[in-house]
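Below: the structure, in structure tokens.
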Amino acid sequence: MKRILVSIVLAAVLLGAAGLGLVAMAKHKPQPRRAPARNRAVRVQAPPVQVIINKRVEIVGYGAAQPRTRLEIAPRVTGQIVYTSDAFRSGRMVRGPSKDDPKGEVLFRIDPEPFQLAVENAREGISLLEAQLASLEQEHKNLQSTYKLLEEMTQLEKQQLERVQSLHKRGVGTINEVDVARAKYLTTRNQLQATQNERQMIPRRKSVLEAQLQAARVKHRQAKLDLEYATYRCPVTGRIIRADAELGEQVQAGQTCGELYGTERMEIPVSIPAGEIRWLDPAALKACSEQNPNPEGGNTIDALVSWSIPGGRTLEWTGTVERIEAGVQAQTRTAGLIVCVDNTQQDDRRQDDFFQLDMNMYCKVTILGRVIPKAYIIPRGAVQPDGTVWIAQPKKDDTSKYRLEKRKIEIARFTDNQAMILPDGGLKQDDRVLPQAPPKAVIGMELDVQGTTPTTTPATAPTVNGNKE
Numbered sequence: 039m040k041r042i043l044v045s046i047v048l049a050a051v052l053l054g055a056a057g058l059g060l061v062a063m064a065k066h067k068p069q070p071r072r073a074p075a076r077n078r079a080v081r082v083q084a085p086p087v088q089v090i091i092n093k094r095v096e097i098v099g100y101g102a103a104q105p106r107t108r109l110e111i112a113p114r115v116t117g118q119i120v121y122t123s124d125a126f127r128s129g130r131m132v133r134g135p136s137k138d139d140p141k142g143e144v145l146f147r148i149d150p151e152p153f154q155l156a157v158e159n160a161r162e163g164i165s166l167l168e169a170q171l172a173s174l175e176q177e178h179k180n181l182q183s184t185y186k187l188l189e190e191m192t193q194l195e196k197q198q199l200e201r202v203q204s205l206h207k208r209g210v211g212t213i214n215e216v217d218v219a220r221a222k223y224l225t226t227r228n229q230l231q232a233t234q235n236e237r238q239m240i241p242r243r244k245s246v247l248e249a250q251l252q253a254a255r256v257k258h259r260q261a262k263l264d265l266e267y268a269t270y271r272c273p274v275t276g277r278i279i280r281a282d283a284e285l286g287e288q289v290q291a292g293q294t295c296g297e298l299y300g301t302e303r304m305e306i307p308v309s310i311p312a313g314e315i316r317w318l319d320p321a322a323l324k325a326c327s328e329q330n331p332n333p334e335g336g337n338t339i340d341a342l343v344s345w346s347i348p349g350g351r352t353l354e355w356t357g358t359v360e361r362i363e364a365g366v367q368a369q370t371r372t373a374g375l376i377v378c379v380d381n382t383q384q385d386d387r388r389q390d391d392f393f394q395l396d397m398n399m400y401c402k403v404t405i406l407g408r409v410i411p412k413a414y415i416i417p418r419g420a421v422q423p424d425g426t427v428w429i430a431q432p433k434k435d436d437t438s439k440y441r442l443e444k445r446k447i448e449i450a451r452f453t454d455n456q457a458m459i460l461p462d463g464g465l466k467q468d469d470r471v472l473p474q475a476p477p478k479a480v481i482g483m484e485l486d487v488q489g490t491t492p493t494t495t496p497a498t499a500p501t502v503n504g505n506k507e
């Protein structure tokens, strides 16, 4: 028993010592540091949407300038070239008809002597026929006089025959006298009939001569035209592409001797998305489909044409949309516009910078469309593939805090890096749109919004001919 009591006492002592040690260790255990409370809101950039007022839509396209007029140089007559101008060389500028020179610059000349002889021959033929007509007129007058005399003679011979017959019936004259009087009467009457026939033939002979005279005059005009065509003049102001005819060369009528193009008016074919057509003025579009696309009322679609020069400089011209090509391209779904630039009407106040738009210049074309009274602009990257945007929506109970919201919008049009939404397209002026989707986005999650104050951008209309739209 004594041994058992000792064991129990020792066990109790050990347990008590162990408990005291645990209490001491617990009192001296170091306390962990408390971390500050974390904000679970996701920090994002969400500036208010940009508002634009009275913004003119600008539709951008690209195209290579082509001349409106491109001609083959071909003489209208056959002959030998006896003169060529120094301007009749590849690349040379040539002058067409103008106030100072209504016929245009001479490029080359074919030997005019055969054509001059043809003109003189036709002129002589006209003179001969005119003389024959004058002679026929005089002959007609003479026949008129002769006919009147023969009429009187016939009447007298008839009266003489009647007297002789009366005397013969009374037994005074002989039958021989009656026969002689009848023969004279018949002879005179026959002459009257022959003169009448000649008189009736005069109008027919005159018609034949007049037809021959008209043909001779046509021949004379043709000879004069051939003589004029022997000198080939430049039909338009432009530039020679190629010149194949040489001095002394025999050329045929219609034979191509070179090529030139007009530089006064250039056309730029531009392809734009078919949907962009709706941003152009309907009245101006209708005018483009008519024969006179530049009415006095001013229904035109203006355009700015720019061409970049190596080195950083850019040349600009003003133009108008002249016509719209028929139909829509099936593969690209684009519409073709033809922009016309009149080089003679450009602003050349800066003579050092003035340069004509020329063939094959690849240009940027900005077509000026309708004015949008009000619209919202957001980054193009903010629009999700399903046509929605992420919006930082203020909380109802605390407008200083935001939550994430997803909203369907209607895009009016895209530009290079922006999207335009009209007032009825699903956005309001104070909406804050996230430029991109936040990581692990969950609708309703709290947001810590960083952004700028709302901005309203007034329209800055492009200038045409030095004046703002």
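With the numbering used here, the residue at position 6 of the sequence shown is 44, and numbering never jumps. Glycine included, every Cβ here is placed at the ideal spot set by N, Cα and C.
Check	Outcome
Three-state secondary structure (DSSP) of E110	strand
Inter-residue Cα distance where the pair is R387 and A283	Caution is warranted here: a pLDDT of 43 is assigned to R387, below 50, making its placement in the model unreliable, and the coordinate value is therefore given only provisionally. Roughly 39 Å between the two C-alpha positions.
Cutoff 8 Å; reference T426; Cβ partners in own chain excluding five residues on either side	K444, R445, K446 and I447
Whether A413 touches L472 by CB criterion (8 Å)	no
Whether R78 touches E363 by CB criterion (8 Å)	no
Beta bridge counterpart(s) of S346 as assigned by DSSP	T352
Proximity winner among G374, V256, T453 and S346, relative to S309 (alpha-carbon distances)	G374
V487 versus S438 - alpha carbon distance	9 Å
Distance CB(I339)-CB(L406) smaller than 8 Å	yes
Bounding residues of the alpha helix (DSSP H) (the contiguous stretch that carries S173)	E151 to K207
Contact belief for A219 with V202 at Cβ below 8 Å, rounded distance in angstroms	4 Å
Sequence-distant residues of its chain with Cβ nearer than 7 Å to S346 (five each side left out)	T352
Supposed close pair R127, I278 - CB separation, criterion 8 Å	6 Å
Paired residues, beta bridge with V359 - DSSP	V377
DSSP state of S309 mapped onto helix, strand, coil	strand
Whole-angstrom C-beta distance between E287 and I111, which should lie under 8 Å	Actually they are not in contact, since the Cβ atoms of I111 and E287 sit about 13 Å apart, beyond 8 Å.
For A479, the three-state DSSP class (helix, strand or coil)	coil
Candidates R316, N337, W317 and L318: closest to A325 by CA position	N337
Beta-carbon proximity check, E189 vs L230, cutoff 8 Å	yes
For W428, the residue or residues it bridges with in DSSP	K444
Cβ-Cβ distance between R441 and P86 below 8 Å	no
Proximity below 8 Å, CB of G276 to CB of T294	no
Where M458 falls, given that 16 or more other Cβ within 10 Å makes a residue buried	buried
Through-space distance from E96 to I306, alpha-carbon basis	17 Å
Span of the beta strand (DSSP E), counted from its first residue to its last, around D486	E484 to Q488
Reference L509; option with closest CA among T356, P348 and G349	With the chain running from 39 to 507 in the structure shown, residue 509 is simply not present.
Residue span of the alpha helix (DSSP H) that contains R255, given as start and end	I213 to Y267
Reduced DSSP secondary structure (H/G/I, E/B, other) of I42	helix
8 Å contact criterion, which K141 and P135 should meet: CB distance rounded	6 Å
Assigned secondary structure, V366 (DSSP; H/G/I helix, E/B strand, else coil)	coil
Reference M397; option with closest CA among A102, E328 and R361	A102
Three-state secondary structure (DSSP) of P21	Any question about residue 21 goes unanswered here, given that the chain covers just 39 to 507.
Residue range of the beta strand (DSSP E) that includes L298	G296 to G300
Other residues of its chain near Y270: CB distance less than 6 Å, five sequence neighbours each side excluded	P113, L145 and F146
Residues that A413 bridges to, as DSSP identifies them	I90
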